[in-house]
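Number of protein chains: 2
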Amino acid sequence: MHFADELIGRVRDLGHPLCVGLDPHLDLIPESFQKSTMRADDPATPEVVQAFCLEVIDRLEKRVAVVKPQIALFEQLGWRGIQVLEVLLDRCRANDLLVILDAKRGDIGSTAEGYARAYLEPGAGLGADAITVNPYMGRDTLTPFIDRCSAHGRGVFVLVKTSNPGSGDLQDRSLEAATVFEAVAEMLTEDCRSLVGPDTGWSSLGVVVGANFDEQAERVRQILPEALFLVPGFGAQGADAEQAVRAFRAGSGGREGGIVNSSRAILFPECESWETGFEAALGEAIDRLAEAVR
Amino acid sequence: MHFADELIGRVRDLGHPLCVGLDPHLDLIPESFQKSTMRADDPATPEVVQAFCLEVIDRLEKRVAVVKPQIALFEQLGWRGIQVLEVLLDRCRANDLLVILDAKRGDIGSTAEGYARAYLEPGAGLGADAITVNPYMGRDTLTPFIDRCSAHGRGVFVLVKTSNPGSGDLQDRSLEAATVFEAVAEMLTEDCRSLVGPDTGWSSLGVVVGANFDEQAERVRQILPEALFLVPGFGAQGADAEQAVRAFRAGSGGREGGIVNSSRAILFPECESWETGFEAALGEAIDRLAEAVR
Numbered sequence: 000m001h002f003a004d005e006l007i008g009r010v011r012d013l014g015h016p017l018c019v020g021l022d023p024h025l026d027l028i029p030e031s032f033q034k035s036t037m038r039a040d041d042p043a044t045p046e047v048v049q050a051f052c053l054e055v056i057d058r059l060e061k062r063v064a065v066v067k068p069q070i071a072l073f074e075q076l077g078w079r080g081i082q083v084l085e086v087l088l089d090r091c092r093a094n095d096l097l098v099i100l101d102a103k104r105g106d107i108g109s110t111a112e113g114y115a116r117a118y119l120e121p122g123a124g125l126g127a128d129a130i131t132v133n134p135y136m137g138r139d140t141l142t143p144f145i146d147r148c149s150a151h152g153r154g155v156f157v158l159v160k161t162s163n164p165g166s167g168d169l170q171d172r173s174l175e176a177a178t179v180f181e182a183v184a185e186m187l188t189e190d191c192r193s194l195v196g197p198d199t200g201w202s203s204l205g206v207v208v209g210a211n212f213d214e215q216a217e218r219v220r221q222i223l224p225e226a227l228f229l230v231p232g233f234g235a236q237g238a239d240a241e242q243a244v245r246a247f248r249a250g251s252g253g254r255e256g257g258i259v260n261s262s263r264a265i266l267f268p269e270c271e272s273w274e275t276g277f278e279a280a281l282g283e284a285i286d287r288l289a290e291a292v293r
Numbered sequence: 000m001h002f003a004d005e006l007i008g009r010v011r012d013l014g015h016p017l018c019v020g021l022d023p024h025l026d027l028i029p030e031s032f033q034k035s036t037m038r039a040d041d042p043a044t045p046e047v048v049q050a051f052c053l054e055v056i057d058r059l060e061k062r063v064a065v066v067k068p069q070i071a072l073f074e075q076l077g078w079r080g081i082q083v084l085e086v087l088l089d090r091c092r093a094n095d096l097l098v099i100l101d102a103k104r105g106d107i108g109s110t111a112e113g114y115a116r117a118y119l120e121p122g123a124g125l126g127a128d129a130i131t132v133n134p135y136m137g138r139d140t141l142t143p144f145i146d147r148c149s150a151h152g153r154g155v156f157v158l159v160k161t162s163n164p165g166s167g168d169l170q171d172r173s174l175e176a177a178t179v180f181e182a183v184a185e186m187l188t189e190d191c192r193s194l195v196g197p198d199t200g201w202s203s204l205g206v207v208v209g210a211n212f213d214e215q216a217e218r219v220r221q222i223l224p225e226a227l228f229l230v231p232g233f234g235a236q237g238a239d240a241e242q243a244v245r246a247f248r249a250g251s252g253g254r255e256g257g258i259v260n261s262s263r264a265i266l267f268p269e270c271e272s273w274e275t276g277f278e279a280a281l282g283e284a285i286d287r288l289a290e291a292v293r
């Protein structure tokens, strides 16, 4: 498998680049699931999160190409949360969904090896198809992840220009001839080129660029023409669909070049009650958002 | 509790700033413990890691002030590894050791809340006294951690200038009037000042600065006079003791201002066999390294 080829192939088949963020915020889980205090340290809470997420995952097959679990929301439940994540990853595989684990890891070589082994190694309980990583520590810290892309067809998304309000504190600072986020993108050019897929021309080394920063996205696209974009910040975080796909470009499947993530709008759609309304509300949310970013 | 006051108080009592890195690399664990294939995906391996680390932790009481578990090496063992980490954190508390969890987390607000809840909240199974965090995403992403420092007396160490070979790729790049790592340090000045302890004058907002970059450490010290330094890269990673404490300064307990981490030299000292030689070798390693950085 080549991650980018596989992902873009599925996006073409489905006709939309929507990615569902599996962010089970405890205070947003529907009441009918709440069989615990819903505190993170209640040992009964992980089961609630599992039951809820499985219901969601079972409604995603053939509707989206890819899901993005946010590992922090499982880590806050302790080891039982990680056990739940393992169950969910199994179910995603069974439902033929690609998985990008949103872990934003980054550490020196021997430690990054541990992370790469945990999340990108074939057979790992927590194995995913791709992972998000943080570039602050430099290119050598990305190597163990990039090695798994070459060896096992995995993918990696490097934080470049994130969607949060403070992302400019560092990322927008000007270097002599560029900004920090452009320097990060430039640091990735060689690896990005080396991981281009034979079928689609897209690279398994992707970048995270917030939907709300569409001008910066165009600049990153110039530097990394083959990088897949993982675009957060669409919907709940404020950016519109046109901004979210600004850096996509004409491909054989229409305008393409990445995926647009939505978490809350899909996991927690407005509906009168879970039992009577959730299934329809979730379906409508996917259809509406998919249409918007198509 | 105020983290920096507590840590520096203990460092003064012990007379050295040595921190033991709990990095249980599977290929380095003594043979007599190896009751599994020692592969990360063997469900028997976490027990081996636990048995080994407990033996080490039980030999650290009253010898060092603080330990630094590297969470990646537990994550690579899946949920069972996180369960082991929980057991180890309990034992550290029982042995009166402070714990800095080396997790290098960083994410947008609502997600960083999850990490802060997982690792810095009182009562959390994986609760530590301090955590390492990554500043790439900006100051707002550090807020949930800093809030726990104010509210619960925890500490946080922000990556500023790391010890790995590629740390210059981004951190040493020149901005208009400084470098990226200096910009990160400048971003932290206000929070650092707000978390200064009443007893020692040291701040619970610390920074990670590699031992091998002593000149950069002096520059960071100028920008953040009250920040505790967490210094990796001493010993196994090549820097000497003089470099490691370059940014320490005169305090009421002698030269102080941080802690110097050593992992492999203490966990895996050279000795003929675990049964007959480990205890002595570990003690000698601690004494030798503590003396060096005293």
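In order, the protein sequence lines correspond to chains Y and A.
The first sequence lines up with residues 0 to 293 when you count with numbering that gives the first Met the number 0.
The second sequence lines up with residues 0 to 293 when you count with numbering that gives the first Met the number 0.
We put the beta carbon where it would ideally sit given N, CA and C, even for glycine.
Quick caveat: nothing in here was measured; it's all calculated off a predicted structure.
Proximal residues of chain A, C-beta to C-beta of residue i below 9 Å
i	result
Lys67/Y	None at all; the shortest Cβ gap to chain A is about 12 Å.
Gln82/Y	Gly77, Trp78, Arg79, Ile81, Gln82
Thr199/Y	Simply none; closest approach about 29 Å.
Leu100/Y	Neighbours of Leu100/Y on chain A: none; closest Cβ ~11 Å, over 9 Å.
Pro134/Y	Tyr135, Asp168, Leu169
Ala320/Y	Not covered by the structure: residue 320/Y. The range shown for chain Y is 0 to 293.
Any non-hydrogen atom of the ligand NAP within 7 Å of residue i CB
i	result
Pro231/A	The ligand NAP is absent from the structure shown, which contains no ligands of any kind.
Residue i: first and last residue of the uninterrupted alpha helix (DSSP H) it sits in
i	result
Ile81/Y	78-93
Glu181/Y	179-186
Arg263/Y	263-266
Val55/A	44-56
Phe73/Y	71-74
Val159/Y	Here Val159/Y belongs to no alpha helix (DSSP H); instead the beta strand (DSSP E) covers 154-160.
Leu288/A	278-292
Collapsed DSSP secondary structure at residue i in the structure displayed
i	result
Leu125/Y	coil
Ser203/A	strand
Leu231/A	Before going on, a small fix: residue 231/A reads as Pro here, not Leu. Coil.
Gln221/Y	helix
Phe247/A	coil
Pro164/Y	helix
Ser272/A	coil
Leu141/A	coil
Leu6/Y	helix
Leu194/A	coil
Ala240/A	helix
Ala226/A	strand
Reference residue i, options the options, closest by Cα
i	options	result
Gly165/A	Tyr114/A, Glu5/A, Gly209/A, Ala177/A	Gly209/A
Ala3/Y	Leu84/Y, Ile130/Y, Ile28/Y, Ile70/Y	Ile130/Y
Arg287/Y	Ser261/Y, Leu53/Y, Asp22/Y	Ser261/Y
Thr142/A	Asn163/Y, Val155/Y, Tyr114/Y, Gly256/Y	Asn163/Y
Asp96/A	Val66/A, Thr161/A, Val195/A	Rather than Asp, the amino acid found at residue 96/A in this sequence is Leu. Among Val66/A, Thr161/A, Val195/A, the Cα nearest to that of Leu96/A is on Val66/A.
Gly8/Y	Phe277/Y, Asp198/Y, Arg293/Y	Asp198/Y
Ser149/A	Glu85/A, Ser193/A, Arg116/A	Ser193/A
Glu217/Y	Gly250/Y, Gly256/Y, Leu21/Y	Gly256/Y
Ala71/A	His24/A, Pro121/A, Asp171/A	His24/A
Arg147/A	Trp201/A, Tyr135/A, Glu112/A	Glu112/A
Gly196/A	Asp89/A, Leu187/A, Leu227/A	Leu227/A
Phe212/A	Ile99/A, Asp171/A, Leu17/A	Asp171/A
Where residue i meets chain A, residues with beta-carbon distance less than 7 Å
i	result
Lys103/Y	Gly105, Asp106
Val183/Y	Leu169
Run of the beta strand (DSSP E) containing residue i, from where it starts to where it stops
i	result
Arg104/Y	97-104
Arg254/A	253-255
Pro29/A	First-last for Pro29/A: undefined, no H or E at that position.
Ala111/A	Counting along the chain, Ala111/A falls outside any beta strand (DSSP E), though it belongs to the alpha helix (DSSP H) covering 108-119.
Val19/A	17-21
Val63/Y	No beta strand (DSSP E) holds Val63/Y; DSSP gives it neither H nor E.
Chain Y residues whose Cβ lies nearer than 8 Å to that of residue i
i	result
Gly137/A	Thr161, Asn163, Pro164, Gly165, Ser166, Gly167, Asp168, Leu169, Gln170
Glu85/A	Gly77, Trp78
Met0/A	What Met0/A touches in chain Y: nothing, since even the nearest Cβ is about 20 Å away.
Contacts that residue i makes with chain A (C-beta to C-beta distance below 8 Å)
i	result
Leu72/Y	Thr110, Gly113
Partners in chain Y for residue i, counting only beta-carbon separations shorter than 7 Å
i	result
Thr140/A	Asn163, Gly165
- Message: Beta carbons nearer than 8 Å to chain Y: which residues of the region 153-179 of chain A have them?
- Response: Leu158, Thr161, Ser162, Asn163, Pro164, Gly165, Ser166, Gly167, Asp168, Leu169, Gln170, Arg172, Ser173, Leu174, Glu175, Val179
Closer than 7 Å, Cβ to Cβ, to anything on chain A: give me those residues from the region 110-129 of chain Y, in chain order.
Thr110, Gly113, Tyr114, Arg116, Ala117, Gly122, Ala123, Gly124, Leu125
- Item | Within 8 Å of chain A by C-beta, residues of the region 14-37 of chain Y in sequence order | Asp22, His24
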